[in-house]
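Numbering (my numbering), first residue to last: 457 to 608. Where is the CB? At the ideal position from N, CA and C, for every residue including glycine. Computed from a predicted structure; not experimentally measured. Okay, structure first, notes after.
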């Protein structure tokens with residue numbers, strides 16, 4: 457291997473557990489946005505049964521959207537996707553949860569199996585939910601991993 461991928465160590469960041477790769481990705485998306493985002497659930501977490509195991513491993517985040525307009529929520533999802541996240545705005549109509557942004561770091565080698573399936577769904581243009589509906593988020597092309605984004 458020429459460029460091995462590593463998620464880095466697990467750390468506490470803004471009250472949530474994440475790996476250093478996920479933290480770096482979020483910080484870059486925030487730099488592009490010019491705004492800090494609030495993490496409502498991090499990785500390595502089994503506390504929320506509505507997450508269906510996606511947060512059990514690395515690379516998964518839920519972000520609070522309180523006070524954001526609909527247009528700005530879309531902007532946040534777009535920037536998360538730009539830096540290598542599969543990201544979607546989740547709504548109460550989709551499940552038993554409040555509005556939030558769910559993000560999974562593409563190619564994170566420490567992901568849970570459900571998070572891997574969501575990342576695969578993102579590449580297929582799907583919403584990452586059990587209903588496997590169409591992706592209703594902003595189109596970002598090309599789809600890049602964090603490492604590809606850094607090289608671009």
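Which residue marks the beginning of the alpha helix (DSSP H) containing residue i, and which one marks its end?
| i | result |
| --- | --- |
| residue 577 | 569-579 |
| residue 607 | 602-607 |
| residue 536 | 526-538 |
Enumerate in chain order the residues of its own chain whose CB-to-CB distance from residue i is below 8 angstroms, with the five nearest sequence positions on each side excluded.
| i | result |
| --- | --- |
| residue 530 | 545, 593 and 594 |
| residue 596 | 534, 537 and 538 |
Between residue i and the rest of its own chain, which residues show a CB-CB distance below 6 angstroms, the 5 nearest in sequence each way excluded?
| i | result |
| --- | --- |
| residue 558 | 518, 544 and 546 |
| residue 492 | 486 |
| residue 476 | 464 and 465 |
| residue 479 | 469 |
Could you tell me which residues DSSP puts in a beta bridge with residue i?
| i | result |
| --- | --- |
| residue 554 | DSSP output for residue 554 lists no bridge partner at all. |
| residue 546 | 556 |
| residue 460 | Answer is none; residue 460 lacks a bridge partner. |
| residue 467 | 474 |
| residue 563 | BP columns for residue 563 are empty, so no partner. |
| residue 489 | For residue 489, which the question treats as bridged, DSSP gives no partner whatsoever. |
Determine the burial state of residue i: buried for a count of at least 16 other Cβ atoms within 10 Å of its Cβ, exposed for fewer.
| i | result |
| --- | --- |
| residue 525 | exposed |
| residue 579 | exposed |
| residue 574 | buried |
| residue 562 | buried |
Which residues bound the beta strand (DSSP E) around residue i?
| i | result |
| --- | --- |
| residue 474 | 472-475 |
| residue 497 | 495-497 |
| residue 520 | 516-520 |
Near residue i, what residues of its chain come up, given a Cβ to Cβ distance below 7 angstroms and the 5 sequence neighbours on each side ignored?
| i | result |
| --- | --- |
| residue 503 | none |
Inter-stretch contact (C-beta, 8 angstroms, three-pair minimum) for the segment 481-492 and the segment 579-593 = no
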